[in-house]
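S.K.: Chains as they are written, first to last, in the UniProt record's numbering: chain P, 1 to 121; chain W, 1 to 121. Heads up, the beta-carbon is just placed ideally off N, CA and C, and yes, glycines get one too. Note that this is a predicted model, so its numbers are computed, not measured. This structure is in structure tokens; I'll ask about it shortly.
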DNA sequence: CAGGATCCGCCTCGATACTG
DNA sequence: CAGTATCGAGGCGGATCCTG
């Protein structure tokens, strides 16, 4: 599969907004910000607990994808604690905590701003 | 059509990340940040010029949608200058300039960070 | 020129079933 | 328990055609 960023595929390199674009896409993925937010409230948390801690129903598949992505970007560490029944803990890295701080800041900045849904009309 | 925000549909009201979620979705829509960035470089700019000023090819339909969304959120003003051939100018509101500043700040914060694509694997 | 209307492919997510 | 594999549905964005 094409592993390049969207900015790269667009040939829009060198123009402001590229890296930012990828960053926004990364964060805007469904559940992503919730996952970060929830991880930030625990020193470490297991897969199932994290899943239940999230508001609403997130499928295991998606949670797994998000955690993997976060890990790849260095926001999260995965710790496998032996076996049977499987125990895995996730926690934010220092960089992850920075991200959380940024998100909180963003939320504060938005303040009372209302943003309608992003649907096409 | 369902005009509620995703956060509302998820029943995740009251949990941190809702409004932020919508905001991220809003900004992460394709071309959105580029449109804001480009608008910020002109006091006012016409539809076609804006279209050509954007890096890569954006369809008229999508640009129209983005501008409409930005206008609805109070980031952009649309000025219709008489008729034939149609002339329409778009420009950022003070609030829109604030948004641009935030985006620039975000970009600076990201710095040399690389974020991989948001695709599923 | 500035868009609206349509059609359509692709991607993302959700649900379900399965495994070490 | 912590995932992976597979399938299907819905939504977003691109292309094309059309109009005041």
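Can you give me the start and stop residues for the alpha helix (DSSP H) that residue 21(W) sits inside?
M.R.: 18-28
S.K.: Could you pull out every residue in the same chain whose Cβ sits closer than 7 Å to the Cβ of residue 95(P), ignoring the five residues on either side in sequence?
M.R.: 74 and 75
S.K.: When the Cα of residue 91(W) is compared with those of 25(W), 49(W), 61(W) and 29(W), which residue comes out closest?
M.R.: 49(W)
S.K.: Examine chain W for any beta-carbon lying closer than 8 Å to the beta-carbon of residue 28(P), and answer yes or no.
M.R.: yes
S.K.: Is residue 48(W) near the ligand ATP, in the sense that its beta carbon is under 7 Å from a heavy atom of that ligand?
M.R.: Among the ligands in the structure shown, none appear at all, so the ligand ATP cannot be discussed.
S.K.: Distance, Cα to Cα, residue 47(P) vs residue 110(P)?
M.R.: 31 Å
S.K.: So that I know if they touch, is there some Cβ in chain W lying closer than 8 Å to that of residue 23(P)?
M.R.: yes
S.K.: Name the DSSP bridge partner or partners of residue 80(W)?
M.R.: Beta-bridge analysis with DSSP links residue 80(W) to 88(W).
S.K.: Could you spell out where the alpha helix (DSSP H) holding residue 94(W) opens and where it closes?
M.R.: The continuous alpha helix (DSSP H) containing residue 94(W) extends over residues 94-110.
S.K.: Use the C-beta contact count for residue 34(P): other C-beta atoms within 10 angstroms, 16 or more gives buried, fewer gives exposed.
M.R.: buried
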